[in-house]
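Numbering of the first sequence is given in our numbering, commencing with residue 80 and proceeding in unit increments. We put the CB at the ideal spot given by N, CA and C, even for glycine.
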Amino acid sequence: MEYNFNALDAKWQKYWVDRKTYKVSEDTGKPKYYVLDMFPYPSGAGLHVGHPLGYIASDIYSRFKRHQGFNVLHPMGYDAYGLPAEQYAIQTGQHPAVTTEQNIRRYREQLDKIGLSFDWDREIRTCDREYYRWTQWAFVQMFRSYYCYDARKARPIAELVAVFGRQGTKGLNVACSEELTFTAAEWNAKTEKEQQEILLNYRIAYLADTMVNWCPALGTVLANDEVSDGLSVRGGHPVEQRLMRQWCLRVSAYAQRLLDGLETVEWTESLKETQRNWIGRSEGAEIRFKLSAASSASNPSRKPEEQPGLLVFTTRADTVYGVTFMVLAPESEYVALLTVPEQKAEVDAYLASVKRRTERERIADRRVTGVFTGSYVVNPFSGKEIPVWISDYVLAGYGTGAIMAVPAHDSRDYAFARHFRLPVIPLIEGCDVSEESFDAKEGVMINSGVLNGLTVKEAIAKAKAYIAENAIGRVKVNYRLRDAIFSRQRYWGEPFPIYYRDGMPCAVDEADLPVCLPEVDRFLPTEKGEPPLGHAKGWTYRGYPLELCTMPGFAGSSAYYLRYEDPHNRRALVSPEANAYWRNVDLYVGGTEHATGHLIYSRFWNKFLYDLGVVADEEPFRKLINQGMIQGRSNFVYRIKGTNTFVSYHLREQYDTTEIHTDVNLVQNDILNIDAFRAWSPDYASAEFILEDGKYVCGWAVEKMSKSMYNVVNPDMIIAQYGADTLRMYEMFLGPVEQSKPWDTAGIEGVHRFLRKVWNLFVSREGKRDVSDEAPTAQELKTLHKTIRKVTADIENFSFNTAVSAFMICVGELQEQQCNKRRILEPFVILLSPFAPHIAEELWETLGHAESVTRAPYPVADEQYLTENSFTYPVSFNGKTRFTLELPVDMDAKTMEQTVLAHETAQKWLAGNPPKKIIIVPKKIINVVV
RNA sequence: GCCUUGGUGGUGGAAUUGGUAGACACGCGGGACUUAAAAUCCCGUGGGCAGCAAUGUCCGUGCGGGUUCAAUUCCCGCCCGAGGUACCA
């Protein structure tokens, strides 16, 4: 009976569906385990062989945990809103819902063929009304909340309104866009509209005029993580800065908690580091530099006590004596305040030139530019007068938009000082600033007044203390993390549950959610330049106009893991009971590309829901594994220029050739299938070949897997040819899950051969083999228990490639021992089933079991069969192994020494001298130092 | 520039965290079975030198040093690749 993998795949996949083998429900009698894959965006291209890598790994882990008696939640769904479907709709008129549905069907088909153990009854799609109802619901909660730093959590906005009515902004310690100051009386005197406008300054979901990344080609704004090098991540279109009124989420309020939370999760160090960088905490001080007497005299519009002074942020308060000039960002509000009339023309010209330059030009061209404002401020430490300049190397969006420049100890300030011939004052003993600045934070301070003689570290602390004592400024922590821009001028996304009354935003009643995405006849912006929802008829709520933007991609993916816990609940995102049982995700598997996007937003969103008391855990994903990308391995043929003749790889140097991609599916082990190549394209039908050793050898390279490079390998093809189990095991065998690697089908035979060997252990050519109930031999037991121990440890460590190796060794040994004993084969099948579930189910059945192998308890390694009574020691002299010696493990050290030294080879190496030292590492090595 | 990683045969990759480097697999070479092929099985396979041979011996984990009886592993200094991030003050 042959190993008919196609039939097995079909048989058992149907069995699992019919019996709902992988359906789970809350079962307090069992410990839970939640294994989650990052749900895919169903693109039109379908899955290639790289996509399932993480799914297979998490599936193996899920099945393993089930065998171990855990109640495993392992769901799957689709991140169904997104740009590609909408762009396709614009081009073809095909409704995004239709293409999305088609793509999902195709994904599902492909996923099913791999034999993944998802509970499909819990499937979610972000574009379902019943799903996005809860995305909108969460947004409404954010709209109705503000963030209180004292309580370290989100609170209802009504509380803040009460505080304002009682005491204004006095003693307020809350997250806001801009620090406002008003009294209770002032607040109470404001109109309803004015009050609403002020509240936007505090809401967690708020509307604000902000500089946004506007992508003209896509016709929408993008979040910071959706832009890279001034180009959109999706599509690579240019992005420009624009001031627009947009919905934002106050993610920055959670910066410290997002940072602290990283300490509590099991993620890779590199991913945590990426998030730390993105959050960008920096400890420093804000220092106020007052206007000089002359400058404030020439600025008579204000009384001296109202003179603004200049507030800067610095992490190097120790270098304050080295400040020789100040720099304002061109967009800074200070520019207008500090530019003197004589300099106005020059400053205006500079601002205009800066404005002309795009983000990309600024990145590409780092020439030093700037202009003097004409104003001077006073150094609060030294009392010196300092000129104020404007330059675009200072960013308006970070800190206060102004800096104190210390050219001796900052390379950017140094370049500026040299260009405009400003003085450079060295502050660290023995540093040389004649060629470049001294940026290192080490050394002893000089030229620094009260800080002289201190080390840099001490000086920073002392300067901060001085600033606080003398009320020059305050100690301050800054974060690089920006609020998330939450509006997209698009059709295919979640509508906002927001309508406008008198121009002010109001939340739709929770009872009226969801606000369903309306039908439109065109997916493009309206003539007035409104987003596509402007085409929708009757797009109103209680007679008021609804918001025309939709939410960004990350809206639906931020809390999806919670919805899987209670996917059909119509009363809540997740019931407290379901969440209390399933808690947060124990294992999350997905790519690193989401490090600064989804994984930040999701954590933020979850923390917000935690503040509301909706979820039980503050961090959504306890342990996270980043699967590597599978790259393509392209193949090349070499055409002699001007001919239709192709020369084999090693002979190509002798000719003038052009390298041409050939479809990897026409190539096996780098040998081209010539007939298939001729048939591939009419151009090559009459191609001639110059062979080596009768073969045409192709060149190869590792590239991104893509259609244009003809290196896409479709999992369906592999499954048809070798079966799902071979695909699963081979993907794991390829290397560590976390590592990126090229897909090379060449090695797949080895894994397939292994599965056939497994099959042959149970089934001979004639039919089923008889399974013996005889007691296993010591040898057989050793093979089994060694494998149990190794495979179990490997699964726990996510080292699936070595686990596959262990299986291969095991089967080799069982084959050699011609083992057909039930007490060996049964545990072996259970062990194998997470990796190769189809064959395992079939073999389990041949062993006479009626129920799925999925229910079988996981075997436990028994050390009793693994203990050795003797060990073969390598015996070294001065570190070089000279001979081996088999000794009983319980032999005492003295006897071992004597046995070793009595050996005839030992005599040769000792050459008559007594050994200086003998090192015995039990079960490892014996080393004699001569 | 900074941060995080990684560098091991012809190839993918192992090595219990300091203890026989190269497991397992691919590829390649040889052999068995077969009229032949496929399939299957067996043997060999890091490099050099010596030997008819079993074998012996030296060199080998990016490069250069160091610690140690012993280093792919630890320390110092470089080189290269991958990923993240950046006029962030």
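- With a contact defined as Cβ atoms closer than 8 Å, D158 and Y120 qualify at about 5 Å.
- Assigned with DSSP and collapsed to three states, W661 falls in helix.
- Within the same chain, and ignoring the five residues on either side of T675 in sequence, the residues whose Cβ sits closer than 6 Å to its Cβ are D304, W357.
- Only exposed fits P295, as fewer than 16 other CB atoms lie within 10 angstroms of its CB.
- Contact annotation: the region 173-191 does not touch the region 137-152, with fewer than three C-beta pairs closer than 8 Å.
- A302 places its beta carbon less than 8 Å from that of I564.
- Where G401 is concerned, there is no enclosing beta strand (DSSP E), because DSSP gives it neither an H nor an E.
- In the three-state DSSP reduction, P154 falls in the coil class, being neither helix nor strand.
- Relative to the Cα of N705, the nearest Cα in the group I867, L678, A519 belongs to L678.
- Per DSSP, the continuous alpha helix (DSSP H) segment holding I827 begins and ends at 827-841.
- P574 is positioned such that its CB atom lies closer than 8 Å to that of E626.
- Between D191 and G802, the C-beta spacing is not below 8 Å.
- In summary, L239 is buried, with 16 or more beta-carbon neighbours lying within 10 Å of its beta-carbon over all protein chains present.
- Using a 10 angstroms sphere on the CB of P936, the tally of other CB atoms stays under 16, which defines it as exposed.
- Per DSSP, N648 lies in no alpha helix (DSSP H) segment and is marked neither H nor E.
- By alpha-carbon distance to V816, the top candidate from H130, R355, K109, P761 is H130.
- P916 carries a helical assignment under DSSP once its states are collapsed to helix, strand and coil.
- One thing to note: T479 has its Cβ no nearer than 8 Å to the Cβ of T452.
- Across the structure, R934 and H153 are spaced so that their CA atoms are roughly 16 Å apart.
- Of the candidates D852, A799, K351, D742, the residue whose Cα lies closest to the Cα of K786 is D742.
- Bridge partners of P466 according to DSSP: Y455.
- If only uninterrupted alpha helix (DSSP H) runs of at least 4 residues are considered, those enclosed by the region 709-777 are 753-759.
- When C-beta atoms of the region 600-617 are compared with those of the region 628-648, three or more pairs fall below 8 Å, so the two segments count as touching.
- In its chain, beyond the 5 residues on either side, T862, L863, K865, T866, F907 have a beta carbon closer than 8 Å to the beta carbon of C889.
- When secondary structure is reduced to three states using DSSP, M887 falls in the helix class.
- Out of D581, D588, Y570, the CA that lies nearest to the CA of D600 is found in Y570.
- Ranked by Cα distance from E771, the options W326, Q422, N531, L730 are led by L730.
- Across the structure, M975 and T881 are spaced so that their CA atoms are roughly 34 Å apart.
- With contacts defined as CB atoms closer than 8 Å, S955 and I1004 qualify as a contacting pair.
- Bounds of any beta strand (DSSP E) do not take in S513, whose DSSP letter is neither H nor E.
- Per the C-alpha coordinates, the member of G528, Y333, A284 positioned closest to P584 is A284.
- Bridge partners of R234 according to DSSP: Y225.
- Taken atom to atom, the span from the alpha-carbon of V151 to that of L926 is near 26 Å.
- In the structure shown, F197 falls within a coil segment according to DSSP collapsed to helix, strand and coil.
- Separation of the CB atoms of G401 and A487 is rounded to 5 Å, and the pair is thereby assigned contact status at 8 Å.
- Residue range 959-967 is occupied by the beta strand (DSSP E) that includes K959.
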